[in-house]
Amino acid sequence: MVENLAKLRELSAHQNALVSLPPLSSLVLLETLNLSKNKLTEVPSLEPLSRLKSLDLRQNRLNIMPLLPSPSVLANLFLGHNRLHTLDQLDNLAPALTVLDVRCNQLEVVPSTIAALVHLKSLDVSNNNLAELPNGTIHVSTCESTFRSVIMVCARELDLRHNNLTAVPPGLSAFQALDTLLLSFNKITTLDGVQWTNMTKLTTLLVSNNLVSELRQAVASKRFQGFDAGLGIPSALGRAPHLNLLNIQGNPQRQIRSTLVLRGPQAVVQFLRELETPPFSTAASKRSVDNMDGLADVKSPPKKKSFQPVVATVVPQTPASPVRLESLNQQIRAAEEELDGFGVSNARAAALKKELANLRAQQQRMASDPS
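In my numbering, the protein residues as written are 44 to 414.
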């Protein structure tokens with residue numbers, strides 16, 4: 044049957060019970076192929092499909108990638124929810140590939156061949172087995188330089204959620220075009236060692252449900268010179284000009300008050316911006332540090348009772364509508380957890396992001412208006 048469909052341009056056989064496929068080599072004009080949500084353990088060679096632009100093989104049982112066209116015009120490749128241990132042939136996909144989704148597989152390393160994907164805009168490697176990328180190992184030096192070469196060009200989204208990372212790869216600071224960075228549900232203990240200020244287009248950073256507790260030393264800041272209590276979150280993030288969401292819930296950090304964290308990711312960003320605002324004078328800076336409302340109590344020498352510090356201008360603590368505010372916080376947490384969860388469709392993810400934006404806007408209004 045397939046051999047008689049030589050003029051076919053789009054083929055969708057998703058959500059069936061397919062366990063095997065006939066040869067597809069006769070479909071030389073095919074541009075879109077959707078075989079998602081089946082029971083395929085392998086796919087016949089796709090090398091003859093030189094016009095293929097979109098390939099969806101999500102939610103199957105693939106152990107290896109099918110043979111792909113070379114050279115290729117493939118722009119979107121979806122391989123999520125399979126059993127892949129390695130990614131090969133990526134160098135054959137340059138320069139057209141813009142979206143690569145390999146979430147929910149069994150990958151332990153991102154291959155260096157990904158560097159060939161110079162037009163990649165979205166990379167989803169969440170829910171794999173990617174471990175910490177320490178200096179001195181082959182994968183890390185490869186991975187770090189690899190990521191730099193790709194992301195500096197045009198990548199906008201990087202999803203590393205649900206892996207085994209224990210630190211943020213330092214090479215991420217070279218991702219100058221990155222808009223969204225998702226690091227939730229790893230084992231990250233610190234956000235230090237990354238030049239966050241280089242990521243000038245970053246708007247969304249999720250680091251919830253990690254092990255972030257404190258830094259070895261406070262992030263260097265004109266406002267915090269001499270302040271030696273470790274911060275769970277680097278204040279330098281406050282200098283990222285486009286950052287508007289920073290989710291740190293589910294971490295054991297104790298230096299930013301839980302009441303401020305519960306106000307939502309936008310409130311955390313605002314607080315960090317307050318930390319990074321240069322003071323009018325050294326004395327004013329010292330007074331601001333001594334009375335920063337957003338910081339939890341840390342061990343420090345007792346202050347003289349006669350000293351009355353000036354209150355810093357941070358996100359105000361408002362006693363407004365505690366029951367309504369807590370209900371709103373619960374809705375936000377539930378939506379964030381669903382967004383971070385397994386198998387969220389693109390449509391559902393878009394709806395959740397819109398819902399979260401509305402909820403956080405309500406949260407901000409409620410926090411600023413006690414009525």
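We put the CB at the ideal spot given by N, CA and C, even for glycine. The structure presented is a predicted model; accordingly, all values stated were derived computationally and were not measured.
Just reading off the beta strand (DSSP E) that L76 is part of, what are its end residues? For the purposes of this step, residue 76 is identified with residue 33 of the sequence shown, where counting begins at 1. Element bounds for L76: 75-77.
Nearest neighbour of A10, chosen from A158, V152, E151 [CA to CA]: What is shown of the chain runs 44 to 414, which leaves residue 10 out entirely.
When the distance is taken between beta carbons, is E151 closer than 8 Å to N125? The count along the sequence shown starts at 1 and reaches residue 125 at position 82. The count along the sequence shown starts at 1 and reaches residue 151 at position 108. Not in contact: N125 and E151 (Cβ atoms no closer than 8 Å).
Are L51 and L73 closer than 8 Å when you measure CB to CB? Position 8 of the sequence shown, counted from the first residue, corresponds to residue 51. Position 30 of the sequence shown, counted from the first residue, corresponds to residue 73. Against a cut-off of 8 Å, the Cβ pair of L73 and L51 comes out as a contact.
Residue interval of the alpha helix (DSSP H) (run including S169): What you label residue 169 is simply residue 126 of the sequence shown in a count that begins at 1. Unbroken run through S169: none, as it is neither H nor E.
For T301, the residue or residues it bridges with in DSSP: Mapped onto the sequence shown, residue 301 falls at position 258. Here the sequence assigns Ser to residue 301, which means Thr is not the residue at that position. Answer is none; S301 lacks a bridge partner.
Where N415 falls: helix, strand or coil (DSSP): Since the first and last residues shown for the chain are 44 and 414, residue 415 lies out of range.
State buried or exposed for D43, treating a residue as buried only when at least 16 other CB atoms are found within 10 Å of its CB. Here the chain has residues from 44 to 414 only, and residue 43 is not among them.
Just verifying my parser: in three-state terms, what is the DSSP assignment at V62? As a working note, residue 62 is residue 19 in the sequence shown. DSSP places V62 in coil when its eight states are reduced to three.
Can you tell me whether C147 is buried or exposed, with buried defined as 16 or more other CB within 10 angstroms of its CB? For this step, residue 147 is matched to residue 104 along the sequence shown. C147 should be labelled buried.
Taking Cβ positions, are L234 and V255 nearer each other than 8 Å? Reading the sequence shown from its first residue, position 191 is the one you call residue 234. Reading the sequence shown from its first residue, position 212 is the one you call residue 255. Result yes, Cβ atoms of L234 and V255 sit closer than 8 Å.
Looking at the secondary structure, which residues open and close the beta strand (DSSP E) in which F121 lies? Position 78 of the sequence shown, counting from 1, holds the residue named residue 121. Element bounds for F121: 119-121.
Can you tell me the Cα-Cα spacing of Q58 and I107, whole angstroms? The sequence position of residue 58 within the sequence shown is 15, counting from 1. The sequence position of residue 107 within the sequence shown is 64, counting from 1. Straight-line Cα distance between these residues: approximately 20 Å.
Per the DSSP calculation, T223 is bridged to which residue(s)? On the sequence shown, residue 223 is found 180 positions in, with the first residue counted as 1. In DSSP, T223 forms a bridge with E200, T247.
In terms of DSSP beta bridges, what is L53 paired with? Here residue 53 is taken as the residue at index 10 of the sequence shown, counted from 1. According to the sequence as given, residue 53 is Glu; it is not Leu. Paired residue(s): T75.
Within this structure, are the beta carbons of D222 and S169 separated by less than 8 Å? Along the sequence shown, one-based indexing puts residue 222 at 179. Along the sequence shown, one-based indexing puts residue 169 at 126. The answer is no: Cβ separation not under 8 Å.
Excluding sequence positions up to five away, which residues of its chain have a Cβ less than 7 Å from the Cβ of Q407? Walking along the sequence shown from the start, residue 407 turns up at place 364. Result list for Q407: Q309, in chain order.
DSSP-derived helix/strand/coil call for D134: For the purposes of this step, residue 134 is identified with residue 91 of the sequence shown, where counting begins at 1. Three-state DSSP puts D134 in a helix.
By a C-beta neighbour count over all protein chains shown, 10 Å radius and 16 as the cutoff for buried, is E46 buried or exposed? In the sequence shown, the residue the question calls residue 46 occupies position 3. It is exposed - the Cβ of E46 has fewer than 16 other Cβ atoms within 10 Å.
Where does R403 land, buried or exposed, given buried means 16+ other C-beta within 10 angstroms? Position 360 of the sequence shown holds residue 403. So R403 ends up on the buried side.
Use the C-beta contact count for T232: other C-beta atoms within 10 angstroms, 16 or more gives buried, fewer gives exposed. Start at 1 with the first residue of the sequence shown, and residue 232 comes out as number 189. When all chains shown are included, T232 counts as buried.
Is it the case that the Cβ atoms of L95 and L117 are separated by a distance below 8 Å? Translated into the one-based positions of the sequence shown, residue 95 becomes position 52. Translated into the one-based positions of the sequence shown, residue 117 becomes position 74. Contact flag set, yes.
Could you work out which residue in Q219, Q373, D144, K82 is closest to R199 when comparing CA atoms only? Walking along the sequence shown from the start, residue 199 turns up at place 156. Answer by Cα proximity: Q219.
Between N372 and L305, how many whole angstroms is the CB-CB distance? I'm expecting something under 8 Å. Translated into positions along the sequence shown, residue 372 becomes position 329. Translated into positions along the sequence shown, residue 305 becomes position 262. About 5 Å; that satisfies the 8 Å criterion.
Going by the beta-carbon positions, is the gap between V211 and L226 smaller than 8 Å? To locate residue 211, count along the sequence shown from 1; it is residue 168. To locate residue 226, count along the sequence shown from 1; it is residue 183. Closer than 8 Å, so yes.
Helix, strand or coil, according to DSSP, for L395 in the structure here? Position 352 of the sequence shown, counted from the first residue, corresponds to residue 395. Of the three classes helix, strand and coil, the one that applies to L395 here is helix, per DSSP.
Just to confirm before moving on: does the CB-CB distance between L92 and L64 stay below 8 Å? The residue you call residue 92 lines up with position 49 of the sequence shown. The residue you call residue 64 lines up with position 21 of the sequence shown. Not a contact, by the Cβ cut-off of 8 Å.
Could you give the distance in angstroms between the alpha-carbon of G307 and the alpha-carbon of L395? Residue mapping note: residue 307 aligns to position 264 of the sequence shown, counting from 1. Residue mapping note: residue 395 aligns to position 352 of the sequence shown, counting from 1. Spanning the two alpha carbons is a distance of roughly 15 Å.
Check each candidate in K164, K230, S55 and name the one with the smallest Cα separation from L98. Numbered from its first residue, the sequence shown carries residue 98 at position 55. Answer by Cα proximity: S55.
F121 versus Q313 - alpha carbon distance: Locating residue 121 in the sequence shown gives position 78, where the first residue counts as 1. Locating residue 313 in the sequence shown gives position 270, where the first residue counts as 1. Rounded to whole angstroms, F121 to Q313 spans 36 Å at the Cα level.
Look up N389 in the DSSP assignment and say whether it is helix, strand or coil. Within the sequence shown, residue 389 is the residue found at index 346, counting from 1. Helix.
Would a C-beta distance cut-off of 8 Å place L133 and Q149 closer than the cut-off? For the purposes of this step, residue 133 is taken as the residue at position 90 of the sequence shown. For the purposes of this step, residue 149 is taken as the residue at position 106 of the sequence shown. Their beta carbons are not under 8 Å apart, which means L133 does not touch Q149 by this criterion.
Helix, strand or coil at T361 [DSSP, three-state]: Position 318 of the sequence shown, counted from the start, is the residue given in the question as residue 361. Residue placement at T361 is flagged as unreliable, the pLDDT there being 42, under the threshold of 50; the coordinate-derived value follows with that caveat. Coil, per DSSP.
Where N253 and K230 are concerned, what is the direct C-alpha to C-alpha distance, given to the nearest angstrom? Reading the sequence shown from its first residue, position 210 is the one you call residue 253. Reading the sequence shown from its first residue, position 187 is the one you call residue 230. The alpha-carbon atoms of N253 and K230 are separated by roughly 5 Å.
Using the rule of at least 16 other Cβ atoms within 10 Å of the residue's Cβ for burial, across every protein chain shown, is N81 buried or exposed? Stepping through the sequence shown from its first residue, residue 81 is reached at position 38. So N81 ends up on the buried side.
Who are the Cβ neighbours of H205 in its own chain at under 7 Å, not counting the five residues just before and after it? Here the question's residue 205 lines up with position 162 in the sequence shown. Same-chain partners within the cutoff: S169, N170, F228.
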